[in-house]
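*Asks:* When the sequence shown is numbered by the numbering used here, its final residue is 448 and no position is left out of the sequence of numbers.
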Amino acid sequence: MSVIELGEYGADFTANPYPYYAKLRTSGPVHEVRMPDGYQFWLVVGHEEGRAALADPRLAKSPSVIGVRPPEEDVIGVHLLAADAPDHTRLRRLVTGVFTGRRVEALRPRIERLTGELADAMEPAGRADLVDAYAFPLPITVICELLGVPAEDRDTFRDWSNELVTPAGEDGYLGALQGFGGYLDGLIEDKRAAGPADDLLSGLIAARAEDGDRLSGPELRAMAYLLLIAGHETTVNLISNTVRNLLTHPEQLAALRADPDLLDGAIEESLRYDGPVETSTFRFTREPVTLGGTEIPAGASVLVAIGALDRDPARFPDPDRFDIRRDTRGHLAFGHGMHYCLGAPLARLEGRIALRTLLDRFPRLELDPEGDPWEWVPGLLIRGVRHLPVRW
């Protein structure tokens, strides 16, 4: 099997990777590929094979199995997304005892107020960049309030988030990482000194397992980092992608306006059709692993293309059609297995409220033909546009 050069696909691949994934899938569910920088890995594009890979313990999340220590580990520590059992099991048990469905549901009134305030600020102008004015500020505010970040620090938090998710360069990334890590250490110490409070970070500080186990300082820092990275940028793109998908499929938007009960279907179909996460983070083979008839050697890097899996016709008939009435059960936008997204309920709640508010407040919402062309977020991990000009 020859190595496929992803760099040869060009900018069209970033704007619309799905035809390329479909072409790859016709010749097999697993391919060895190479990035323009020379990094070589195995890409999984079949739904059945990808779902299996996401839950296979032979595919480790920690790069230590291939002798690599990422730079963020020295600054932030090891978080859930990069941990394997038994460490992952222990960490998740402690976190899920605090980050509960009740805590998420308690955020509903605040999210409703926030979306209303953002819509109020947008309305007089008659047009806006939906990302800057709505999709970005909502989840960063929710995450900051959830963690108990003081209001005066939130603009800096936003800057760090932008740089950490889509870094402009290694120096900027490491600088943001160090600044964010140092800030979190100070915030944790302040909350320890202040004693019990209702925010999530205070809850994590106080959390204890039945055996007395608790999160260490570095583990608390790593968890706060993960909540920002995984809980913010993905929700920004869940909101903006869903709106973009509806505005580019006006018959589906009309159906949703005619039947508000289709709201959940619109969110789930957007997650499947063009979700905020194009690929998983890397996994690493502990031993030779066979997927879809292809043997991947030990010590290899593996990337599961979530966007490709959820467009696999073997799982979703007519997968390139956006249909908010579709049965979307089995989509993998939030992952699968023990690394299934802990924040999925919060992301869904924010997405539903954000979309409902937009539809109610802006009955003539449409793409702004005078807006700048879409600029896609670079890289394989995040799927979305940096700006989405709309008018009403």
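Idealized CB from N, CA, C, for every residue including glycine.
1. Do you know offhand how far Arg-169's Cα is from Asp-383's?
2. Given this structure, state the Cα-to-Cα distance separating Arg-159 from Ser-83, to the nearest angstrom.
3. How is Ser-336 classed by DSSP in three states: helix, strand or coil?
4. What do you reckon, are the CB atoms on Val-100 and Ala-361 nearer than 9 Å?
5. Where do the N-terminal and C-terminal ends of the alpha helix (DSSP H) with Val-121 fall, by residue?
6. So which of Ala-109, Pro-142, Glu-275 and Leu-271 has the shortest CA-CA distance to Ile-132?
7. Could you please give the first and the last residue of the uninterrupted beta strand (DSSP E) stretch that includes Thr-350?
8. How is Ala-184 classed by DSSP in three states: helix, strand or coil?
9. Give the single residue among Gly-204, Glu-406 and Asp-376 whose Cα lies nearest to the Cα of Ala-78.
10. Helix, strand or coil for Phe-97? Go by DSSP, reduced to three states.
11. Let me know if Ser-272 comes out buried or exposed under the rule of 16 or more other beta-carbons within 10 Å of its beta-carbon.
12. Beta strand (DSSP E) containing Pro-445: first to last residue?
13. Please identify the residue among Ala-403, Ala-364 and Ile-380 whose C-alpha is closest to the C-alpha of Leu-388.
14. Under 9 Å between the Cβ atoms of Leu-302 and Leu-294?
15. Starting from Val-299 and walking both ways along the beta strand (DSSP E), at which residues does that stretch end?
16. Of all the beta strand (DSSP E) runs that stay within the bounds of the region 168-235, which reach a length of 3 or more residues?
17. Of all the options Arg-90, His-144, Pro-223 and Leu-415, which has the alpha carbon lying nearest to the alpha carbon of Ala-278?
18. Select from Gly-407, Leu-405, Leu-437 and Leu-398 the residue whose C-alpha is nearest the C-alpha of Arg-149.
19. Could you pull the DSSP bridge partners for Val-360 from this structure?
20. Can you give me the C-alpha to C-alpha distance between Glu-129 and Ala-139, rounded to a whole angstrom?
21. Quick check on Pro-92: buried or exposed, where buried means 16 or more other Cβ atoms within 10 Å of its Cβ?
22. Please list the segments of the alpha helix (DSSP H) lying wholly inside the region 382-442, counting only runs of 4 or more residues, in order along the chain.
23. Helix, strand or coil for Leu-347, going by three-state DSSP, please let me know.
24. Would you kindly check if the distance between the Cβ of Val-198 and the Cβ of Val-441 is under 9 Å?
25. Would you tell me roughly how many angstroms separate the C-alpha atoms of Arg-183 and Ala-191, rounded to the nearest one?
26. Since Glu-88 is in the beta strand (DSSP E), which residue starts that stretch and which ends it?
27. Based on Cα-Cα distance, which residue from Val-89, Ile-122, Gln-96 and Ala-108 lies nearest to Glu-343?
28. Please report the distance separating the alpha-carbon of Ala-370 from that of Glu-104.
29. Please report the distance separating the alpha-carbon of Gly-102 from that of Thr-346.
30. Verify whether the separation of the beta carbon atoms of Gly-231 and Glu-245 is less than 9 Å.
31. Rounding to the nearest angstrom, what Cα-Cα distance links Val-433 and Arg-439 in this structure?
32. Apply the 10 Å Cβ neighbour rule to Asp-368 and answer buried if 16 or more other Cβ atoms are within range, or exposed otherwise.
33. Over the uninterrupted alpha helix (DSSP H) stretch that includes His-144, give me the two end residues.
34. Based on Cα-Cα distance, which residue from Gly-94, Ala-67, Ala-71 and Trp-98 lies nearest to Leu-80?
35. Here's the rule: buried if 16 or more other CB atoms are within 10 angstroms of the residue's CB, otherwise exposed. What is Tyr-329?
36. Could you give the C-beta distance for Glu-289 and Ser-217, rounded to a whole number, given that I count them as a contact under 8 Å?
*Replies:* So, to answer that:
1. Along the sequence shown, one-based indexing puts residue 169 at 113. Along the sequence shown, one-based indexing puts residue 383 at 327. Cα to Cα, Arg-169 sits roughly 31 Å from Asp-383.
2. To locate residue 159, count along the sequence shown from 1; it is residue 103. To locate residue 83, count along the sequence shown from 1; it is residue 27. The alpha-carbon atoms of Arg-159 and Ser-83 are separated by roughly 46 Å.
3. For the purposes of this step, residue 336 is identified with residue 280 of the sequence shown, where counting begins at 1. In this structure, Ser-336 counts as coil in the three-state DSSP scheme.
4. Residue 100 sits at position 44 when you count from the first residue of the sequence shown. Residue 361 sits at position 305 when you count from the first residue of the sequence shown. Result yes, Cβ atoms of Val-100 and Ala-361 sit closer than 9 Å.
5. Within the sequence shown, numbered from 1, the residue matching residue 121 stands at position 65. Run containing Val-121: none; DSSP gives neither H nor E here.
6. Residue mapping note: residue 132 aligns to position 76 of the sequence shown, counting from 1. Comparing Cα-Cα distances from Ile-132 to each of Ala-109, Pro-142, Glu-275 and Leu-271, the minimum goes to Glu-275.
7. The residue you call residue 350 lines up with position 294 of the sequence shown. Run containing Thr-350: 350-352, per the beta strand (DSSP E) assignment.
8. As a working mapping, residue 184 is identified with position 128 in the sequence shown. Of the three classes helix, strand and coil, the one that applies to Ala-184 here is strand, per DSSP.
9. If you number the sequence shown from 1, residue 78 lands on position 22. Closest by alpha carbon: Asp-376.
10. Translated into the one-based positions of the sequence shown, residue 97 becomes position 41. If DSSP states are grouped into helix, strand and coil, Phe-97 belongs with the strands.
11. Position 216 of the sequence shown, counting from 1, holds the residue named residue 272. The residue is exposed, with fewer than 16 neighbouring Cβ atoms inside 10 Å.
12. Reading the sequence shown from its first residue, position 389 is the one you call residue 445. Per DSSP, Pro-445 belongs to the beta strand (DSSP E) from 445-447.
13. Indexing the sequence shown from 1 puts residue 388 at position 332. Considering only alpha carbons, the answer is Ala-364.
14. In the sequence shown, residue 302 corresponds to position 246, counting from 1. In the sequence shown, residue 294 corresponds to position 238, counting from 1. Cβ atoms of Leu-302 and Leu-294: not closer than 9 Å.
15. Residue numbering aside, residue 299 sits at position 243 when the sequence shown is read from its first letter. Here Val-299 belongs to no beta strand (DSSP E); instead the alpha helix (DSSP H) covers 290-303.
16. 183-185
17. On the sequence shown, residue 278 is found 222 positions in, with the first residue counted as 1. When only C-alpha atoms are compared, the closest one is His-144.
18. Stepping through the sequence shown from its first residue, residue 149 is reached at position 93. Of the candidates Gly-407, Leu-405, Leu-437 and Leu-398, the one whose C-alpha sits nearest the C-alpha of Arg-149 is Leu-398.
19. Sequence index remark: in the sequence shown, residue 360 carries index 304 (1-based). Per DSSP, Val-100.
20. As a first step, residue 129 must be located in the sequence shown, where it is residue number 73. As a first step, residue 139 must be located in the sequence shown, where it is residue number 83. Going from the Cα of Glu-129 to the Cα of Ala-139 covers about 11 Å.
21. Start at 1 with the first residue of the sequence shown, and residue 92 comes out as number 36. Exposed is the call here.
22. 400-417
23. Position 291 of the sequence shown, counted from the start, is the residue given in the question as residue 347. Note: Leu-347 maps to strand in three-state DSSP.
24. For this step, residue 441 is matched to residue 385 along the sequence shown. For this step, residue 198 is matched to residue 142 along the sequence shown. No, the pair does not count as a contact, with Cβ atoms beyond the cut-off.
25. The residue given as residue 183 occupies position 127 in the sequence shown. The residue given as residue 191 occupies position 135 in the sequence shown. Straight-line Cα distance between these residues: approximately 14 Å.
26. Here residue 88 is taken as the residue at index 32 of the sequence shown, counted from 1. Per DSSP, Glu-88 belongs to the beta strand (DSSP E) from 86-90.
27. Working through the sequence shown from its first residue, we reach residue 343 at position 287. Nearest of Val-89, Ile-122, Gln-96 and Ala-108 to Glu-343, Cα basis: Ile-122.
28. Here residue 370 is taken as the residue at index 314 of the sequence shown, counted from 1. Here residue 104 is taken as the residue at index 48 of the sequence shown, counted from 1. The straight-line gap from Cα to Cα measures roughly 9 Å.
29. Within the sequence shown, numbered from 1, the residue matching residue 102 stands at position 46. Within the sequence shown, numbered from 1, the residue matching residue 346 stands at position 290. About 13 Å.
30. Your numbering for residue 231 matches position 175 in the sequence shown. Your numbering for residue 245 matches position 189 in the sequence shown. Going by C-beta atoms, Gly-231 is not nearer than 9 Å to Glu-245.
31. Numbered from its first residue, the sequence shown carries residue 433 at position 377. Numbered from its first residue, the sequence shown carries residue 439 at position 383. The straight-line gap from Cα to Cα measures roughly 6 Å.
32. Locating residue 368 in the sequence shown gives position 312, where the first residue counts as 1. Flag for Asp-368 reads buried.
33. For the purposes of this step, residue 144 is identified with residue 88 of the sequence shown, where counting begins at 1. Start and end: 143-152.
34. Indexing the sequence shown from 1 puts residue 80 at position 24. Comparing Cα positions, the closest option is Trp-98.
35. Within the sequence shown, residue 329 is the residue found at index 273, counting from 1. The residue in question, Tyr-329, is buried, as its Cβ has 16 or more Cβ neighbours within 10 Å.
36. By one-based count along the sequence shown, residue 289 stands at place 233. By one-based count along the sequence shown, residue 217 stands at place 161. Sure, about 7 Å apart at Cβ, within 8 Å.
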